[in-house]
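As structure tokens, the structure follows; a few thoughts come after it.
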Amino acid sequence: MSKYALKVGVTGGIGSGKTTVCRIFESLGVPVYYADDRARTLLNTDADIHCGLKAIFSERVFGADGRPDRKYIASVVFEDKEKLAKLNDLIHPAVGADWEAWYSNRKADYPYVLKEAALLFESGSYRKLDRVICVAAPESLRIERVVKRDGVDESAVRSRMKNQLSQELKISLSHHLIKNDGTLSLIKQVVLLHRQLSKGG
Ligand code: ATP
24 MSKYALKVGV TGGIGSGKTT VCRIFESLGV PVYYADDRAR TLLNTDADIH CGLKAIFSER
84 VFGADGRPDR KYIASVVFED KEKLAKLNDL IHPAVGADWE AWYSNRKADY PYVLKEAALL
144 FESGSYRKLD RVICVAAPES LRIERVVKRD GVDESAVRSR MKNQLSQELK ISLSHHLIKN
204 DGTLSLIKQV VLLHRQLSKG G
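Quick note on numbering: the sequence shown equals residues 24 to 224 in the working numbering.
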């Protein structure tokens, strides 16, 4: 067994309950890296990323507040696959380096740490992890939860789902499954997995 913390991914479709599950792990003392939140922060604050954004999108990419205009970026890359690829090539390595630095600061002190990311398989970043946990719930329940949480309509949630691999495929590619369909206690499932991962998986 490696003397360093296992790198464990947490993924799942939109609204499956990834963040909810990670909050329970955190309450047990497990460090969690929220990749999507960090990507957003780096986009807003990292000088090298700002430089790269300007090269891809021109000065127009910055809004009146001086920060990258996420709506503008989304509208451009929706129409332009080449710019989307360039944006991914800019953001993914930056988040990857940020995650590795975060991990290095914790690897000697914990049996395992978590990396939460919606597109773990789609981005390929699962390859650098030791284990992956998939959080799953029926599609109808996921839609209902996101509609309630974000105040958006069902079609907006469905169009976000289209960019993700199917839940079945994510489950089959993962080492562990947490069912968040209301039938099994989420806390019990997390505690059982925590015991297992604390012993090295
Ligand atoms: P996203 O992919 O959009 O980031 P997520 O997978 O992180 O979503 P959460 O934000 O954890 O999902 O959960 C979606 C919503 O459903 C939240 O409002 C959360 O409070 C609620 N929720 C999650 N699990 C449960 C549950 N077991 N019972 C009731 N509500 C739940």
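Note that CB positions come from ideal geometry on N, CA and C, so glycine has one too.
Item to complete: Let me know the secondary structure DSSP gives Ile79 once reduced to three states.
Response: In the structure shown, the three-state DSSP call for Ile79 is helix.
Discussion item. I want to check one thing, is the minimum distance from the CB of Ile194 to the heavy atoms of ligand 1 below 7 Å?
Written reply: It does not: the Cβ of Ile194 is nowhere closer than 7 Å to a heavy atom of ligand 1.
Item to complete: Kindly list the residues whose CB is nearer than 8 Å to the CB of Pro161, restricted to its own chain and excluding five residues on each side of it in sequence; keep chain order.
Response: Excluding positions up to five away in sequence, the list reads Asp204.
Worksheet item: With a CB to CB cut of under 7 Å and the five nearest residues on each side skipped, what residues in its chain are close to Arg183?
Response: Excluding sequence neighbours, Arg183 sits near Ile37.
Discussion item. Assuming Leu110 is part of the alpha helix (DSSP H), what are its boundary residues?
Written reply: Annotation: the continuous alpha helix (DSSP H) that includes Leu110 extends over 104-127.
Discussion item. Ligand 1 and Gly35: does any heavy atom of the ligand fall closer than 7 Å to the residue's C-beta?
Written reply: Checking every heavy atom of ligand 1 against the Cβ of Gly35, one is found closer than 7 Å.
Practice prompt. With a floor of 4 residues, list each alpha helix (DSSP H) that falls wholly inside the segment 141-213, ordered by position along the chain.
Written response: Qualifying alpha helix (DSSP H) stretches, in chain order: 143-146, 162-173, 177-184, 190-196.
Practice prompt. Please determine, among Tyr27, Ser146, Asn186, Leu137, the residue with the shortest C-alpha to C-alpha distance to Phe48.
Written response: Closest by alpha carbon: Leu137.
Fill in: Pair within 8 Å by beta-carbon distance, Ser189 and Ile156
No; because the gap between Cβ atoms is not below 8 Å, this pair is not in contact.
Worksheet item: Would Leu51 pass as a contact of His199 if the rule is Cβ separation under 8 Å?
Response: Taking 8 Å as the cut-off, the beta carbon of Leu51 is found no closer than this to the beta carbon of His199.
Fill in: Limits of the unbroken alpha helix (DSSP H) element including Lys41
DSSP places Lys41 inside the alpha helix (DSSP H), whose first and last residues are 41-50.
Item to complete: Using three-state DSSP, classify Lys94 as helix, strand or coil.
Response: Helix at Lys94.
Worksheet entry | Inter-residue Cα distance where the pair is Asp121 and Ala62 | If you take the alpha carbons of Asp121 and Ala62, they lie about 9 Å apart.
Discussion item. Looking at the secondary structure, which residues open and close the alpha helix (DSSP H) in which Asp59 lies?
Written reply: Unbroken alpha helix (DSSP H) run through Asp59: 58-68.
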